[in-house]
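If you count the sequence shown from 1, position 112 lands on 323 in my numbering, and the numbers rise without skipping.
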Amino acid sequence: MEPICSITSACATQISALLSPPSPNQIQEYYHNIFSSTHCNSITVKQDDNFGKGLYAATDFKEDELVLKDQMLVGAQHSFNKIDCFVCSFCFRFIGSIETQIGRRLYLTQLRANESHDCDEGSSSKSSKNYHQMDSSDEEESTWQCSSGSSKTKVPLPEGVVESLMNGQLKLPYSEKFSLPPAVPCHGGCGEAYYCSMSCAEADWESSHSLLCTGESCDPRRREALLKFVKHANETNDIFLLAAKVISSTILRYRKLKANCLAEKGKNVASCVPDHPNFSLLLEAWRPITMGYKKRWWDCIALPDDIDSSDEASFRMQIKELAFESLQLLQTAIFDKECEPLFSLEIYGHIIGMFELNNLDLVVASPLEDYFLYIDDMKNPDKEEAEKITQPILDALGEDYSTSCEGTAFFPLQSCMNHSCCPNAKAFKRDEDRDGQATIIALRPICKGEEITISYVDEDLSFEERQASLADYGFRCRCPKCIEEEP
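#1: Are there 16 or more other CB atoms within 10 angstroms of the CB of His-250, so buried, or fewer, so exposed?
#2: Three or more beta-carbon pairs under 8 Å between the stretch 486–504 and the stretch 620–631, yes or no?
#3: Between which residues of its own chain and Leu-571 is the CB-CB distance below 7 Å, once the five residues before and five after are set aside?
#4: Who are the Cβ neighbours of Asp-683 in its own chain at under 6 Å, not counting the five residues just before and after it?
#5: Can you name the start and end residues of the beta strand (DSSP E) that Tyr-684 belongs to?
#6: Does DSSP put Pro-714 in a helix, a strand or coil?
#7: DSSP three-state label for Lys-659, please.
#8: Where do the N-terminal and C-terminal ends of the beta strand (DSSP E) with Thr-650 fall, by residue?
#9: DSSP three-state label for Phe-621, please.
#10: One question on the structure: do Phe-291 and Thr-311 come within less than 8 Å of each other, judged by their Cβ atoms?
#11: Can you tell me which of the three DSSP states Asp-572 falls into?
#12: Which value, in whole angstroms, describes the spacing of the CA atoms of Glu-670 and Asp-449?
#13: Between Cys-616 and chain D, is the shortest Cβ-Cβ distance under 8 Å, so that the two count as touching?
#14: Buried or exposed for Glu-567, going by 16 or more other Cβ atoms inside 10 Å?
#15: Along the alpha helix (DSSP H) that carries Ile-259, what are the first and last residues, could you check?
#16: Taking the beta carbon of Ser-386 as the centre, do at least 16 other beta carbons fall within 10 Å, making it buried, or is it exposed?
#17: Considering just the uninterrupted stretch of the beta strand (DSSP E) at Lys-637, what are its terminal residues?
#18: Would DSSP call His-420 helix, strand or coil?
#19: When you compare the CB positions of Cys-693 and Gly-265, do they come within less than 8 Å of one another, or not?
#20: If you compare alpha carbons, which of Tyr-242, Lys-257, Pro-235 is closest to Glu-661?
#21: Flag this pair as yes or no: are the beta carbons of Glu-551 and Cys-302 separated by less than 8 Å?
#22: Could you name the residues of the same chain whose beta carbon sits closer than 8 Å to that of Cys-511, not counting the 5 residues immediately before and after it, in chain order?
#23: For Asp-346, I'd like the list of residues in its chain whose CB is within less than 6 Å of its CB, leaving aside the five on either flank, ordered along the chain.
#24: Short of 7 Å in beta carbon distance, which residues of its chain neighbour Ser-220, apart from the five on each side in sequence? Order them along the chain.
#25: Return the CA-CA distance between Pro-499 and Tyr-241, expressed in angstroms with no decimal places.
#26: Enumerate, from N- to C-terminal direction, the unbroken alpha helix (DSSP H) stretches of 4 or more residues contained entirely within the stretch 554–614.
#27: Does Gly-314 come out as helix, strand or coil in the three-state DSSP assignment?
#28: At the level of alpha carbons, what is the spacing between Glu-413 and Ile-309?
#29: Does the distance from the CB of Thr-461 to the CB of Ala-404 come in under 8 Å?
#30: Nearest by alpha-carbon distance to His-630: which of Glu-446, Ser-615, Pro-691, Ser-428 is it?
#31: Among His-420, Arg-323, Leu-605, Met-377, which one has its Cα closest to the Cα of Arg-464?
#32: In its own chain, which residues sit with a C-beta less than 8 Å from the C-beta of Leu-681, not counting the 5 before and 5 after it?
#33: Using the Cβ count rule (16 or more neighbours within 10 Å means buried), how would you classify Asp-415?
#34: Excluding the 5 residues flanking Phe-674 on each side, which residues of the same chain have their C-beta closer than 7 Å to its C-beta?
#35: Measure the alpha-carbon distance for Ile-558 versus Asp-581 and round it to whole angstroms.
#36: Using only CA atoms, which one of Leu-654, Leu-492, Gln-542 lies nearest to Asn-471?
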């Protein structure tokens, strides 16, 4: 059944304005401000009538040279990844300590296994609010048996080891060489968001989290609605959490613009904020998103391999209905009348579509790999002594002990980069890149004025396979490699 969103029809004019492509002047002004704020003068954004925006070199780059580091506009760690990685909720840097990372992961892995076992037997399970700050009264009195990822055997650890790792009583040998920023809790008290610094905590609060925090200080009805929204996203598609961040950040930018406007105009409110909200302020707050959106989610999502083409219409309708369910829950939680058009299904669909078409995987390497490799590279007898403690823990973590932080993010500059099956750059994290910024490295020398391209697909695929994969992005590739290989 076709979802009916009353806001879509009631705010049709405003929605159309929000979804209008930005003018060339607006595009240049937006990216000029980004380059100015980041002091980046080695690249530039140009608009092409045929291919849209593109990223171009403003200087020469050598092979393997850093082309850019791009701060995300909005991003989120995947829900399933939060068990394995304890990271800053704003910049996604690993936090706590090596011991905290290991103890928390072992605890949550076992908790998940226990919950699955209890569900299978039809019984309920006990959970905890702050898994990484458990004390002995919260921990189960049993021997820990933890398995991870593809590890097939469960390896027991002595009783109390996990507790000692989490509360700091057990210090692993040489872990001080891999120090991490201490965890700073969300000051809203949600117990879900933690940060590497107060600056990250404040930045996240001001950008979106103040509307999405589920702390006890939150209004009970809004908190209940938020928890329902998050539960729905975790059970269906955590891309909805990203969409919520976009809407929240737009609302907060709008409120800030309005407050500044009122402060400048003083009592002459009518000149800035008439009886109806000044829509130009909402347009300005929405401006960063216009640089990325293209299509509605249910129109651009790739048809899964197990869905027959004859069922495509039904599949896309189900996706639309799923988005509408999510939107209704979010609207109940954070609705703002002055920003009403943002809560239309049309806008919501375009926001999610932006991530479907423009997102980049968010990946931050785990410090656990470096730590255990350091132990492995030591010389005896120090290595033997250290491994008496670390080897049982490594066995308990399993084969996937070094799982990276994984998520999805939208990057304003990276999203401008066009595709080529013979690209001159790639997204690649160096050893020193330990946060959530997009890092683009030159694959070969790039000359000043040359367009900087990346590959959206595996360029080693055959011509037909590449074209089929790129069809999901809505274009047919005409790069030199494709022209040469076209039958």
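Each residue gets a CB set at the ideal place from its N, CA and C atoms; glycine is no exception.
Checking against the coordinates, here is how it stands:
#1: exposed
#2: yes
#3: Here Leu-571 has Ala-620, Phe-622, Gln-625, Ala-638, Ala-649 as same chain residues with Cβ atoms under 7 Å from its own Cβ, once five neighbours each way along the sequence are excluded.
#4: Ala-513
#5: According to the DSSP assignment, Tyr-684 belongs to no beta strand (DSSP E), since it is labelled neither H nor E.
#6: No answer is possible for residue 714: the residues shown for the chain start at 212 and end at 698.
#7: Three-state DSSP puts Lys-659 in coil, outside helix and strand.
#8: Segment 649–653, the beta strand (DSSP E) holding Thr-650.
#9: If DSSP states are grouped into helix, strand and coil, Phe-621 belongs with the strands.
#10: no
#11: In the three-state reduction of the DSSP assignment, Asp-572 falls in the strand class, which pools E and B.
#12: 28 Å
#13: Any reference to chain D falls outside this structure, which holds one protein chain only.
#14: buried
#15: Before going on, a small fix: residue 259 reads as Asp here, not Ile. Per DSSP, Asp-259 belongs to no alpha helix (DSSP H); it is in the beta strand (DSSP E), 254–259.
#16: buried
#17: 636–638
#18: helix
#19: Their beta carbons are not under 8 Å apart, which means Cys-693 does not touch Gly-265 by this criterion.
#20: Lys-257
#21: no
#22: Lys-505, Gly-564, Glu-567, Leu-568, Asp-683, Gly-685
#23: Unreliable positioning characterises Asp-346 in this predicted model, as indicated by a pLDDT of 35, which lies under 50. The coordinate reading is nonetheless provided below. Result list for Asp-346: empty, nothing under 6 Å.
#24: Around Ser-220: no qualifying Cβ.
#25: 8 Å
#26: 556–569, 578–587, 593–608
#27: helix
#28: 25 Å
#29: no
#30: Pro-691
#31: His-420
#32: His-630, Tyr-667, Val-668, Arg-687, Cys-688
#33: Burial call: buried.
#34: Cys-693, Glu-696, Glu-697
#35: 43 Å
#36: Leu-492
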